[in-house]
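Right, one structure below, let's go through it.
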Amino acid sequence: MSRVQACLFDLDGVIVDTAKYHYLAWRRLANELGFDFTEHDNERLKGVSRVRSLEILLEIGGVTLDAQTQAALAAKKNDWYVEMIAKMDESEVLPGARRFLAECRTAGIRTALGSASKNAMLILRNVGLVDQFDVIIDGNKTSAAKPDPEVFLLGAHALGVATAHCVVFEDAEAGVEAALRAGMRCVGIGSPQTLHRANLIISGLAEMTLDRLPME
Ligand code: B16
Ligand code: MG
């Protein structure tokens, strides 16, 4: 019997691919400001908070703006992003995610969401996954961004599971770092080049089975 008692999942890049919508909204903003923003540039925003994402975007465009203007632009980008995610449905859950969440729960392993997004609830509702998580920690409940371990520590605490019995699923380097700093094991989803510190690296939850969960 596995000693793993809880699995904590990042949202964007693990459960759904919302990075494509973030990209479209950030690119629209960059174009309005008079510069281009490529998909390659967008990689730098994955797993990063909204405020920090805007700072990186402005850095790329070589634009300096006061705090008030920055706040207004972040809100504008979010309105465009929300317009897109409002149309998401069940078909946008990444392959294997729904099945693996169900397998965890059937095996008595508790589940939590650990996302930087302040829009996580809207996304989970639209794709029909709210009920698959025992606990949901999102960007509205945290004060420190990954690689700070706060989001995962809050998740483990709410689940009542010791960090040593938790496994995190993450697609961003900062998220892997956050999981390890929380004293948890981590399954990296994506490239071994960026996620090499994870205990196991897979290309998506379609490859994941309970017997592959990294144990102490
Ligand atoms: P929002 P995750 C992150 O989600 C995204 O990867 C990142 O690109 C985004 O800036 C961040 O959420 C904040 O999202 O603007 O919706 O609050 O990977 O932590 O699930
Ligand atoms: Mg992510």
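Numbering (the numbering used here), first residue to last: 94 to 309. Ideal Cβ positions, reconstructed from N, Cα and C, are used throughout, including at glycine.
- Of the candidates Glu300, Ala272 and Glu263, Glu263 places its Cα closest to the Cα of Gly106.
- The region 243-259 and the region 99-113 touch, with three or more beta-carbon pairs separated by less than 8 Å.
- Comparing alpha carbon positions, the residue from Leu104, Met308 and Lys211 closest to Val175 is Lys211.
- Under the three-state reduction of DSSP, Asp241 is assigned to coil, being neither helix nor strand.
- In this chain, Ala205 is not harboured by any alpha helix (DSSP H); it is covered by the beta strand (DSSP E) spanning Arg203 to Gly207.
- Close CB contacts of Ser142 within its chain, under the 8 Å cut and outside five residues either way in sequence, are with Ala209, Gly232 and Ala238 (chain order).
- If you check the CB distance, Asp227 and Thr204 come in under 8 Å.
- For Phe102, the enclosing beta strand (DSSP E) starts and ends at Ala99 to Phe102.
- Closer than 7 Å to some heavy atom of the ligand MG: that describes the Cβ of Val107.
- In the three-state reduction of the DSSP assignment, Gly268 falls in the helix class, which pools H, G and I.
- Asp105 sits in a strand when the DSSP states are folded into three classes.
- For Gly154, the uninterrupted alpha helix (DSSP H) run begins and ends at Arg143 to Gly154, by DSSP.
- Between the alpha carbons of Leu206 and Thr157 lies a distance of about 35 Å.
- Going by C-alpha positions, Ile178 is about 16 Å away from Arg121.
- The beta carbons of Ala200 and Leu293 sit no closer together than 8 Å.
- Assigned with DSSP and collapsed to three states, Val254 falls in coil, not helix or strand.
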